[in-house]
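Visitor:
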Amino acid sequence: MTEKDITIEELEETVKQTDVQIDLMDWKMENVEKELVQPINAQETCIMNLLKSVSEPVALMLTPG
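Here's what the structure looks like:
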């Protein structure tokens with residue numbers, strides 16, 4: 003096996019591990035979303051929408067790549 007082949011295999015293994023970690027994070031986030039309390043009134047709905055609109059861009063900024 004050449005050094006290039008070894009490097010490719012290591013990279014593929016790293017990608018697999020990263021995919022597993024991303025799947026786990028996605029699963030955890032889905033469970034948290036399910037546990038969120040549903041807003042009772044219009045004001046709470048507005049607050050929840052505001053929080054979502056602020057948190058999504060921050061999450062995208064923190065994502066490497």
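The sequence shown begins at 3 in our numbering and counts up one residue at a time.
Think of the CB as a built atom: it goes at the ideal place given N, C-alpha and C, for glycine as much as any other residue.
Helix, strand or coil: which one does DSSP assign to M27?
Guide: In the structure shown, M27 sits in a helix (DSSP, three-state: H, G or I).
Visitor: Which same chain residues end up closer than 6 Å to V56 when comparing Cβ atoms and leaving out the 5 residues on each side of it in sequence?
Guide: Result list for V56: empty, nothing under 6 Å.
Visitor: Whose C-beta lies closer than 6 Å to the C-beta of L38 among residues of the same chain, with five residues either side of it excluded?
Guide: The answer is none, since no qualifying residue turns up.
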